[in-house]
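Numbers -20 to -1, 1 to 766, taken from mature numbering (1 follows the signal peptide of the UniProt record, and there is no 0), label the letters of the sequence shown in order. Just so you know, even glycine gets a beta-carbon here, dropped at the ideal spot from N, CA and C. Right, one structure below, let's go through it.
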Amino acid sequence: MTKKLLFCALFAALTLSVNAQDSLQITPRKKYGLALSGGGAKGFAHIGLLKAIDSLQIKIDYITGTSMGGILGGLYAMGYTGEELKSTVYGMNWKRILSNKIPYNKVSIEEKDEFDKYIIEFPVEKRKPTLPNSYIEGQYMGEVLNTLTFPAKHINDFSKLPISVEMTSSDIINGGLIMQKKGSLPLAIRSTLAIPAAFSPVFIDGKMLVDGGLDRNFPVAEVKQMGADVVIGGYTGFRLFTKKEIENPLKMIYQTHAIRSVEDYEVQKKNTDVLVNFVAPLEDITTKDFKKFKKIIKIGEDETKKMLPELVKIAEEQRQLGISFSHDSVQEIKKPTVAFKYFNEDGTEITSQKELNSLKNQLQLEEGNYYDAKTVNESIDRIFGTRLYDKAYYTYTDTENGLIMNIFLKKSTSGRFKMALHYDNEQSVGIILNYTYRNLLLSKSRLVATVDVSERFKARLNMQKFVDGKDRLWVSADAKYTTADSNDIFFKILNDNDGSGKLFSEYRYQNFGGSFSINYKLGTNSAIGTGIEYNTELLKNSLNDISQSTFDNYSKKMYSHSNYSVSLRFIQNSLNTRYFSKSGNFLQIGARSYFGDHYNLYDLVHLQPMLYDYLNPENPMYTTPKSLIGLYLNENFSFPVSKKITLKANGYVGQHFSSSKIEEGQIPFLFLNQKFYVGGSEFNNDGMNPEFEGFRQKELPVNSLYKAGFAVQYNPFGEFYVTPSMSFSQISANLTSFKDDDFAQKVFGYGINFGYNSMAGPINFSVSRNDFLNLWRFYFSIGYKF
């Protein structure tokens, strides 16, 4: 009996002990997850859901996202609020993000001559143009993501963010869903939005990754695996087209992918507790409608309001469970960068010492210092601005001593085939074909071959090579041939005066130049150079069909001339765009010393005697200057007054100097290629030919001038520009225009230009007039110039 009582007492004590322990156990609280689908531009609708979560103070523990859902989810996990994300989207330059271009002022000075001049570019593989593996490399997109996530650069485990987050991506080589949980946050985000063929793939840990929507567009199962008990979902993904709609072949292709994604969505949505389905209201929006971000965000806000009762229940449930709301932001730890490592895009280390030296010189960052996002991005832009790489980006690895900066580079193919079209009503229509090849026979070199296939044929062959270890000193050899209808106003005037205008209907000017120069890069946007050039020019005429039959031995040649020149030039170009610039300046200062003149006037004395007198240096009314030096200064300045209005100013001085004394009543004689040719409605890069309202391109040849021009560029919408302008100048047949004499004349011009920056190139239509000719001039052009 005693044993039984003892046993019962022990059993009772044990039971009480277990029950006491159970009562002390803390029941794990519910965890709340957020799953955001992909959908391209349609994914902006998720911002409405994020704003509602913030306003209701719903605590989120885990986030998963795909594509745009991955971008917004990753940033929200860092601490960005829904309202901050909305402001961020509103402030984005989506045109730049969705292109491969960088601002003109970030392109290295030696590459500006070939930048933004062609409609299409194809990489050349095995001597044949091929299609690129994607439409957009996403250089600027990577820069934006790095900037937005910069405070979290020291965090390589995404579970350590204020909200644990994972993003989907797909292994495009081996297949399968890859969840991005660790590593570089901006690179993980970049991988989840890499829509195949649209955005270039991303290499992470040896895998080539693309948009996770290929395997899981709506990652609900994954947020459940992270530990979420309650799931809020936002879906902006696919819908299935109707039988009528898939008669469109592009929609048929789209449907083949959509079927699988929609089937998976039907499975995933069963595990959501609150689902905001944005598909129906976004029916008229496509994945590429990034310009409609305001409309998409508004739809997202409106659709989320319809689900507020369900979201309110979750908020109330959390308060009843004692779950307090928190949404902290990552605080940047300003660690120094202790090392820089350079890799190819696929992760293999760059071993070429020449390339490493070049990259370090462009990066201009030193170990042991802290650098902010702006400084780092500018360094990466310098590398990308060399045009040697299709993509340049960076990640950070955190260590006890500081951060290791990893720079990844995608080398451009050695060869590029490019093409552009052009037309203007003063010259002709043409197709520009270009072949650019780098490192042909010589390292750090660039070979450019360009032809303009048109009636006014043009061609250029250029070779340049860096010759120092810091990529600042380069040599350049250039050969260029151009032909164009001459607009020289004096040819027409003299023809009309001696009656030959009835015979001769057109003048064709041909020019060939060959040069060699040595140049030194002072910075990304400036350089100084000196060189020697050989130049030969030929002027031809054409008889009209009736008159030509009256000449037995008709020769088209009127005038030829060749000479040499030694030049010194300084150039600074910080304009933000090549066309319709809104900020920056373009300064050119040059000096040329001419020698070795040879000329031939053929039978011009018989056919056109007055023109012969004009072009003949031995005419008694001329003095041929000795030791002739030409000097020009051309400054173009753009200053943004507001987002839509830009003030523009131009100052030009062109003068000549000579040791010869010009006798009173005589005119200094200059050959055609030594004159300054004034005229044209479009801005040009040629320092010897300033534009001026009311004249055709290169219409007015003068020996000297100074000019001031002013314009107001108004950008009312999109890529459309309206620019009224005026110019004042004093021109002279003397070597200098800074004194009033019998050869000096003041000229005033004004006009208005309507421009549009199209995919085919800039379009310009201008109306202008000046008091020299007192004629209205109309000019139209489309496309890129040679």
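Sub-9 Å separation of residue i and residue j beta-carbons
i: Phe708; j: Val727; result: yes
i: Tyr373; j: Leu167; result: yes
i: Asp308; j: Lys10; result: no
i: Arg605; j: Ile642; result: Looking at the sequence itself, residue 605 is Pro, so the reference to Arg does not match. Cβ atoms of Pro605 and Ile642: closer than 9 Å.
i: Ile609; j: Tyr657; result: no
i: Leu595; j: Tyr544; result: no
i: Phe718; j: Gln725; result: no
i: Lys204; j: Gly13; result: yes
i: Thr463; j: Lys438; result: yes
i: Asp451; j: Ser497; result: no
i: Trp454; j: Glu90; result: yes
i: Thr129; j: Thr44; result: no
i: Ala15; j: Val190; result: no
i: residue 789; j: Glu63; result: What is shown of the chain runs -20 to 766, which leaves residue 789 out entirely.
i: Lys133; j: Glu146; result: no
i: Phe651; j: Asp577; result: yes
i: Thr317; j: Tyr350; result: yes
i: Ser150; j: Gly118; result: no
i: Gly689; j: Glu671; result: yes
i: Pro742; j: Ser761; result: yes
i: residue 775; j: Lys628; result: In the structure displayed, the chain extends from -20 to 766; residue 775 sits before or after that span and is not available.
i: Leu339; j: Leu389; result: yes
i: Leu36; j: Leu288; result: yes
Residue(s) in a DSSP beta bridge with residue i
i: Ala724; result: Ser712
i: Thr516; result: Phe492 and Ser542
i: Ala459; result: Leu441 and Gly494
i: Pro199; result: Answer is none; Pro199 lacks a bridge partner.
i: Arg367; result: Bridge partners of Arg367: none, in fact.
i: Val247; result: DSSP output for Val247 lists no bridge partner at all.
i: Leu14; result: Ile43 and Ile212
DSSP state of residue i mapped onto helix, strand, coil
i: Gln342; result: helix
i: Met48; result: helix
i: Glu296; result: helix
i: Tyr701; result: strand
i: Tyr70; result: helix
i: Val242; result: helix
i: Leu755; result: coil
i: Tyr56; result: helix
i: Ser529; result: Low confidence applies to Ser529: its pLDDT is 49, below 50, so where it sits in the model is not reliable, and the reading given next is rough at best. In this structure, Ser529 counts as coil in the three-state DSSP scheme.
i: Thr266; result: coil
i: His307; result: coil
i: Leu421; result: coil
i: Asp476; result: helix
i: Glu671; result: coil
i: Thr377; result: strand
i: Ile152; result: coil
i: Pro742; result: strand
i: Asp448; result: coil
i: Met385; result: strand
i: Lys628; result: strand
i: Glu329; result: strand
i: Arg170; result: helix
i: Leu65; result: helix
i: Ser3; result: At Ser3 the pLDDT is 40, less than 50, meaning the model places this residue with poor confidence; the figure from the coordinates comes in the next sentence. DSSP places Ser3 in helix when its eight states are reduced to three.
i: Met147; result: strand
i: Ser408; result: coil
i: Pro696; result: strand
i: Gly735; result: strand
i: Phe24; result: helix
Whole-Å CB distance - residue i paired with residue j, under 8 Å assumed
i: Val546; j: Ile512; result: 5 Å
i: Ala21; j: Phe273; result: 7 Å
i: Ala17; j: Leu173; result: According to the sequence provided, residue 17 is Ser. The question's Ala does not apply to it. No, Ser17 and Leu173 are not in contact; Cβ-Cβ is about 12 Å, not under 8 Å.
i: Tyr56; j: Met206; result: About 15 Å; that fails the 8 Å criterion.
i: Leu368; j: Lys354; result: Wrong, their Cβ atoms sit about 23 Å apart, outside the cutoff.
i: Ile732; j: Pro696; result: Wrong, their Cβ atoms sit about 14 Å apart, outside the cutoff.
i: Val310; j: Leu141; result: 7 Å
i: Ile82; j: Gly365; result: 7 Å
i: Ile277; j: Lys66; result: 6 Å
i: Ser607; j: Leu715; result: About 12 Å separates the two Cβ atoms, so there is no contact after all.
| Runs of alpha helix (DSSP H) wholly within the region 535 to 616 (minimum 4 residues, chain order) | If we require 4 residues or more, the alpha helix (DSSP H) runs fully inside the region 535 to 616 come out as 584 to 587 and 589 to 595.
| Any beta strand (DSSP E) of 3 or more consecutive residues that is wholly inside the region 70 to 143 | 100 to 105
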